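Below is one structure, written out as structure tokens; the observations come after it.
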Amino acid sequence: MKLTYIYHSGFAIEGDGFTLLIDYYKDSGSNGEGVVHDHLLHRTGKLYVLSTHSHPDHFNPEILAWKQERPDIYYIFSRDILENHSATPEDAVYLSPSELYRDNTLCIQAFGSTDIGCSFLIEIDGKRIFHAGDLNNWHWKEESTMEESKEYEDAYLHELEILARVTDRFDLVMFPIDPRLGREYMLGAEQFVCRFAVDCFAPMHFHNQYKKAAAFRSFAEENGALFISWSFPGETVELP
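Note that my numbering has the sequence shown beginning at 1, numbered continuously upward.
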């Protein structure tokens, strides 16, 4: 199984007979080109396109046009994408937290977020994979009061406890490491890997701040996770 970092929070997972595209909003290259348009949209096997929520850095309506060249495509979206009229009822399967989609290839269970939309737990090819969407400890401690920061943190830890009722381990986690949060920008990721057993951790939501994202390596590895340090959009790694 291969994992490709497309950009920001966008990833592709390739396995035997399937491809997952998650939270695509732009391709890995320039002028709309890159690994998605050059390779993944033409790859044989089932093609699943997932979007955790409607923020424009996680959802690009362009993806709906892909069905013109891939009529066999499967779209699984968070329900807020439908509710804000970014797509129609016929375009996709829509999930709210606690709902799931299942077929003979995969199972996707939606969990909550501390922003809009969902996070996704994906079980496929014997792997348990988690894409956090915008689930994070968005504490903004350098801008918020202590009471506000505690409220944000409590909401985040509550979502982790709901997730922990289903599983305590993951083969792969894609999770925000967002330097905009300031001094404690890795706090949510730290709390996640302390709460769950994570085999492989892939940072996301860092735009072009690769060194800031890579700073989480030592903490992740101290807690038993193989850390993927991205260097450029379109980079691919083989998952263990």
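Built from N, CA and C at the ideal position, the CB exists for glycine as well.
Note that the coordinates shown come from a computational prediction; the quantities given were computed from them, not determined experimentally.
inquiry  = Measuring CB atoms only, is the stretch 127-141 touching the stretch 181-192, in the sense that at least three cross pairs come out at less than 8 Å?
reply    = Enough Cβ pairs lie closer than 8 Å, so yes.
Within the same chain, show all residues whose beta-carbon is closer than 6 Å to that of Leu47, passing over the 5 residues directly before and after it, in chain order.
These residues qualify, in order along the chain: Thr19, Arg70, Ile73.
Run through DSSP, which three-state label would Val166 get?
-> Assignment of Val166 by DSSP, reduced to helix, strand and coil, places it in the coil class.
Within the same chain, show all residues whose beta-carbon is closer than 7 Å to that of Asn223, passing over the 5 residues directly before and after it, in chain order.
Cβ within range, chain order: Val193, Cys194.
### Query
How many whole angstroms separate the CB atoms of Ser9 and His58, which I take to be in contact at a CB cut-off of 8 Å?
The C-beta distance from Ser9 to His58 rounds to 6 Å, short enough to fall under 8 Å.
Report yes or no: do three or more beta-carbon pairs, one from the stretch 93-109 and one from the stretch 119-126, lie closer than 8 Å?
yes
Report task. Could you tell me the distance, in whole angstroms, from the CA atom of Met174 to the CA atom of Arg43? Result -> Between Met174 and Arg43, the C-alpha separation is close to 23 Å.
### Query
Just the Cα atoms here: how many angstroms apart are Leu21 and Phe216?
24 Å
_Classify Gly32: buried if its beta carbon has 16 or more other beta carbons within 10 angstroms, exposed otherwise._
exposed
- Report all residues from its chain with a CB closer than 7 Å to the CB of Gly17; omit the five preceding and five following residues, and keep chain order. Gly45, Lys46
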